[in-house]
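Numbering (my numbering), first residue to last: 5 to 440. Even for Gly, the Cβ is constructed at its ideal location relative to N, Cα and C. Beneath this line is the structure, given in structure tokens, with notes to follow.
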Amino acid sequence: MENFNIENYKLELEKRAYSAWNISPKLVEEALHVEKDLAASFARIESNKIFNQLKVLKAMQKYKFAETDFAATTGYGYNDSGREKIEKIYAEVFGAEKALVRLSISAGTQAIAVALYACLRPGDEMLAAFGKPYDTLDSVIGIGDDSAADAGSLKDFGVSYRQVELTADGKPDIPAILANINDKTKLVHLQRSRGYQRRNAFTISELEPVIRAIKKYKPEVIVFVDNCYGEFTEIMEPTQVGADLIAGSLIKNPGGSLAPSGGYVAGRGDLVEKAQCRLTAPGIGGEVGPSLGYNRNIIQGFYFAPHVVAECLKGLEFSALWFSRHNVISQPEALGIRSDIVQLLEFNDAESLIKFCQSIQAASPIDSHFKPVPWAMPGYDADVIMACGAFVQGSSLELSADGPIKAPYTAYMQGGVVYENVKLAALLATQELQNT
Ligand SMILES: *Cc1c(COP(=O)(O)O)cnc(C)c1O
């Protein structure tokens, strides 16, 4: 080992590996410099990962997860020990009293809807404190034009809605939030991730003062946080800084890319019990729900989730710094604190955006031989291009990218469970863009 130079070894090996995609040695060398400049950021991500990983492991041991808990239940699914332990483990890790973790929740939107309908009753008002919630919630709340008036939206059930915008610099407007809380306000909705807004995710330390201010002003109001994309990006979840209820999707962060479907709601015990009744029926609540043999995927995914989310964060940090050095505006910028797994990249023109998405697809483990093209997706005012070569359909914990073909030509890049794969996608995209 005396004359062994690790830097050279690394460089030569990577040049060889990336040459399979005809990536130029120059780009490979440049990428190694970018990684050096990200050392502090990567070290921070690794530290959080260790903390979260051990937290999950400890919870699994505390509830004595056993091989027999993998056994499938069918039909009603009474006494499904694996399902029951999974819910206790989620609650423990998220610092919640209770959790509802179910395969039968098939989208983040459904998990959020279950939580909202669990809490709100006719005559109540819901206040969205960070501007308009994620697009798919329009029809749940009963706003926007494509929500059928009698489809059973919250509005249809007599729940009114109010919304407070963020400040001009994209921060929570606490005085305005408090001013919009009235006698009818039953629940305040906060969204951690950026969703499709042009703001960064709110970190736990940004969420905390908002939650505390609301609870101080009106203690009985329920603070709900849409936690989609946020889990394990930091060392705490919103339930650990005062949120009453959170919800999210298992084909995002907490499923660790192994959960084939599913969603969760976690928080105060009485509210989670209402969510159980809303998902199944009053009287049966959380007692039913066959796991059909998927307990293993769900708990193994949760076990892997801290690790996988760290890979995502590193991939996005790399992409942010890499693309900012190649004339692409990235938001958030590298070297900051991330609280979700979304990266915006703003390209100069439509062609570059399309090439970027096609490179993401070409770098994917699944469907790499397909070429995505922009199409007129229902509900969008411009053609949209989508790239996702994932093991689980639509999983945005896995590397994916999409963007509407209109100025400012922004790609929403998400996830990436294997860092090397994200790095390949970034290099491939840059190589493609340089070749034109
Ligand atoms: C993904 C997401 C949702 C909705 O989840 P689906 O699984 O797409 O229904 C809601 N809110 C945020 C912030 C999300 O990222």
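S108 at chain C interface by Cβ criterion, 9 angstroms: Given the protein chain composition of this structure (a single chain), no chain C is represented.
Heavy atom of ligand 1 within 8 angstroms of A75 beta-carbon: Between ligand 1 and A75, a heavy atom-to-CB distance of less than 8 angstroms is absent.
Local conformation of H193 per DSSP, three classes: DSSP places H193 in strand when its eight states are reduced to three.
V227 vs L283 beta-carbon contact at 9 angstroms: With respect to the 9 angstroms criterion, V227 and L283 are not classified as neighbours on the basis of their beta carbons.
A111 Cβ short of 8 angstroms to ligand 1 heavy atom set: In this structure, ligand 1 has a non-hydrogen atom nearer than 8 angstroms to the beta-carbon of A111.
Within the region 243–267, ranges of the alpha helix (DSSP H) (whole runs, at least 4 residues): none
Any beta strand (DSSP E) of 3 or more consecutive residues that is wholly inside the region 309–383: At a cut-off of 3 residues, the continuous stretches assigned as beta strand (DSSP E) that sit fully inside the region 309–383 are 333–335, 346–350.
Local conformation of L182 per DSSP, three classes: Correct three-state label for L182: helix.
Presumed contact (8 angstroms Cβ cut-off) between W379 and D387, rounded CB distance: A Cβ-Cβ distance of about 6 angstroms is found for the pair W379 and D387, placing them in contact under the 8 angstroms criterion.
Inter-residue spacing [alpha-carbon to alpha-carbon] between R329 and Q362: 20 angstroms
Under the three-state DSSP convention, the category F228 falls into: strand
Whole-angstrom distance between A115 and I218, CA atom to CA atom: C-alpha separation (whole angstroms): 23 angstroms.
Residues of its chain near F69, where Cβ-Cβ distance is below 6 angstroms and the 5 sequence neighbours each way are ignored: K89
Cβ pair I369, I389 closer than 9 angstroms: It is worth fixing the name first, because residue 369 is Pro in this sequence and not Ile. Not a contact, by the Cβ cut-off of 9 angstroms.
L141 Cβ short of 8 angstroms to ligand 1 heavy atom set: yes
Neighbourhood of L104 by C-beta, 8 angstroms cutoff - its chain only, sequence neighbours within 5 removed: Apart from the 5 residues on each side of it in sequence, L104 sits with its Cβ closer than 8 angstroms to the Cβ of E91, V118, Y268, V269, A270, V276, A279, Q280, L283, G290 in its chain, given in chain order.
Coarse secondary structure for S209, derived from DSSP in three states: helix
Enclosing alpha helix (DSSP H) for D142 [first to last residue]: 142–145
Helix, strand or coil at P29 [DSSP, three-state]: P29: helix per DSSP, three-state reduction.
Span of the beta strand (DSSP E) around D406: The continuous beta strand (DSSP E) containing D406 extends over residues 404–408.
Beta carbon of M130 nearer than 9 angstroms to that of T77: no
Among E210, S323, Y384, E355, the one whose alpha carbon lies nearest that of F46: S323
Any non-hydrogen atom of ligand 1 closer than 8 angstroms to Q114 Cβ: yes
Between the CA atoms of S265 and I109 - distance to the nearest angstrom: 8 angstroms
Three-state secondary structure assigned by DSSP to V388: strand
Any non-hydrogen atom of ligand 1 within 8 angstroms of I181 CB: no
Entirely enclosed alpha helix (DSSP H) segments - the region 87–150, minimum 4 residues: 112–123, 142–145
Contact under 9 angstroms by Cβ, M381 with L403: no
Straight-line Cα distance separating A205 from G246: As the crow flies, the alpha-carbon of G246 is around 18 angstroms from that of A205.
Any non-hydrogen atom of ligand 1 closer than 8 angstroms to P382 Cβ: no
Collapsed DSSP secondary structure at V38 in the structure displayed: helix
Cβ shell of A180 (< 6 angstroms), same chain only, five flanking positions each side left out: V168
Bridge partners - V269, DSSP secondary structure assignment: L104, A251
Ligand 2 heavy atom lying under 8 angstroms from the CB of Y138: Looking at this structure, you won't find ligand 2 anywhere; what it does contain is ligand 1.
Simplified DSSP state of Q418, which is helix, strand or coil: Of the three classes helix, strand and coil, the one that applies to Q418 here is strand, per DSSP.
R203 - partner residues in DSSP beta bridges: In the DSSP output, where bridge partners are listed per residue, R203 has none listed.
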